[in-house]
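Below: one structure, written as structure tokens.
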Amino acid sequence: MTALDQQLGAELDALRDARTYKRFLTLQSRQGAVVQMEGRGEVIVLSSNNYLGLAGHPEVVRAGIEGLERYGAGTASVRFICGTFEPHLALERALADLSGTEAALTYVSCWNANEACIPSLTDETTVILTDELNHASLIDAIRLSRPASKVIYPHSDMAALREGLEAAPRGSRKLVVTDGVFSMEGDLAKLPEIVELAREHDAVVVVDDSHGVGVLGETGRGTVEHFGLLGEVDVITGTLGKALGGAAGGYVAASEEVCDVLAQRSRPQLFSNALPPTVACSALRSIELMLEQPELLRRLRENIRVFRELLADAGYAPLDGEAAIVPIIVGQTAEAMALSARLLDEGVFVTGFGFPVVPEGTARVRVQMSAALEQEHLDRAIDAFRRVRPE
Ligand SMILES: Cc1ncc(COP(=O)(O)O)c(C=O)c1O
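Each residue of the sequence shown is one higher than the one before, counting from 37 in the numbering used here.
As structure tokens, this is what we get:
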């Protein structure tokens, strides 16, 4: 064993001792309301981002198979070197329409999209203003951007954002970067105020709406639609790995100029393979299904409402919110992991999160609702929550 292995082994032992070591659980069926889990049998899924239940939808699967048959496994290269498939363009058109922007550009993940977008929009004058609870991909993207300065404002603190904007040097480029739905809290960015402040100060708004699209807004267009701001947000990034099919992939939706600059300059676009056509085809079908079948969104929203009520009746007090994320704070990381393990013993799959994903002392189990869940699943799940409720 090398010295490095020994050091890393000690770090892993420390995680095990603290009972915060994460294990991968193996699924033997499609993602859905229930899955077959190796060694466990059937479990109810309350921790996937499969918000609209489309990950295993027959038409989404069929679209992927047709894409695979027609276009093969992939571009075998970067798009500018070796071609773009038709489904990339069709998907990007659909994503732009969905986002209320002129254009969109896809990446192999939203992590990549964020790491592509923010550094490409940052010049030597840029001040980046970022919510302290933004997703890790935005945090890393901002680190990579090396802006002239950075203001990390307290969560959704609009006075602090205003102060940061006022303090930015004259003539500097200003980017206000926020999650649409905060992934660990489930609350929404104060987008109307953010957009207004940005207008006052001539700043650019960048919203990562990975947890908003396919959940919020009358037609599922996300946080931006929820607040009636379609067409008012400069740059929207999102994932194809959650509501929109659940495979993987991400995008930036913005003006023609922004998307073209990203195509020309962003490193994850220039130095990494294109989204596989299977994914492009299944994501496109997912968008179509969401727009064609509004009952998917209705069912998701009804499930969110009903499960929040059931949790309250069972003595739990999740954080408030309108999105599909329902976090139940339990305190210490080991407690969250233990609650999640007890729920799994009861046949309910819901993940516990602790430090460093969330601040020390605010560990939680994060319930996520899906349109795939039927009342029977919610009832069985809540029975399990009742049985394991900590004192
Ligand atoms: C807010 C947010 N942004 C970006 C990502 C990354 O998305 P992807 O899995 O497409 O890289 C996630 C996924 O967890 C997320 O929650």
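Ideal Cβ positions, reconstructed from N, Cα and C, are used throughout, including at glycine.
Quick one: does the C-beta of residue i sit closer than 7 Å to a heavy atom of ligand 1?
i	result
H262	no
S406	no
N86	no
G357	no
G277	yes
A283	no
H171	yes
C146	yes
N339	no
S208	no
D244	yes
S322	no
S185	no
Apart from the five residues just before and just after residue i, which ones in its own chain have a Cβ nearer than 6 Å to its Cβ?
i	result
A408	G68, A69 and G89
E435	Since the first and last residues shown for the chain are 37 and 427, residue 435 lies out of range.
F391	T369
Do you know offhand how far residue i's Cα is from residue j's?
i	j	result
A196	E160	23 Å
S246	F307	23 Å
G92	R66	6 Å
C153	L227	20 Å
N150	R55	32 Å
A377	L233	44 Å
V315	R206	44 Å
A348	V401	15 Å
P155	R182	8 Å
K278	Q64	19 Å
A39	Q72	40 Å
R52	F389	15 Å
L336	Y107	33 Å
P363	Y87	15 Å
L346	D419	10 Å
Q300	Y287	15 Å
L157	R59	37 Å
S208	Q42	48 Å
L325	P395	38 Å
A310	E221	32 Å
K210	E128	27 Å
Using a Cβ-Cβ cut-off of 8 Å (strictly less than) and excluding sequence neighbours within five positions of residue i, which residues of its own chain qualify?
i	result
A225	D167, S192, T214, D215, G216, V217, F218, V243 and T259
S318	V96, V97, A99, G100, G103, G281 and A283
T342	A quick correction: the sequence has Val, not Thr, at residue 342. Excluding residues within five positions, the ones whose Cβ falls inside 8 Å are Q411 and L414.
C118	T111 and A112
Between residue i and ligand 3, is the CB less than 7 Å from at least one heavy atom?
i	result
N309	Among the ligands in the structure shown, ligand 3 does not appear; only ligand 1 can be found there.
Who are the near neighbours of residue i in its chain, counting only those whose CB is closer than 7 Å to its CB and skipping five residues on each side?
i	result
S84	Q67, Q404 and S406
A360	Y87, V251, L336, I340, Q404 and M405
V384	V79, I80, L82, A417 and A420
*Determine, using beta-carbon pairs with one atom in the segment 197-216 and one in the segment 161-173, whether at least three such pairs fall under 8 Å.*
yes
*Per the contact definition of three or more C-beta pairs closer than 8 Å, is the segment 251-266 in contact with the segment 127-145?*
yes
*Give a yes or no on contact between the segment 70-90 and the segment 380-395, applying the rule of three or more CB pairs nearer than 8 Å.*
yes
*Would you call the segment 120-127 and the segment 368-375 touching, i.e. three or more CB-CB distances under 8 Å?*
no
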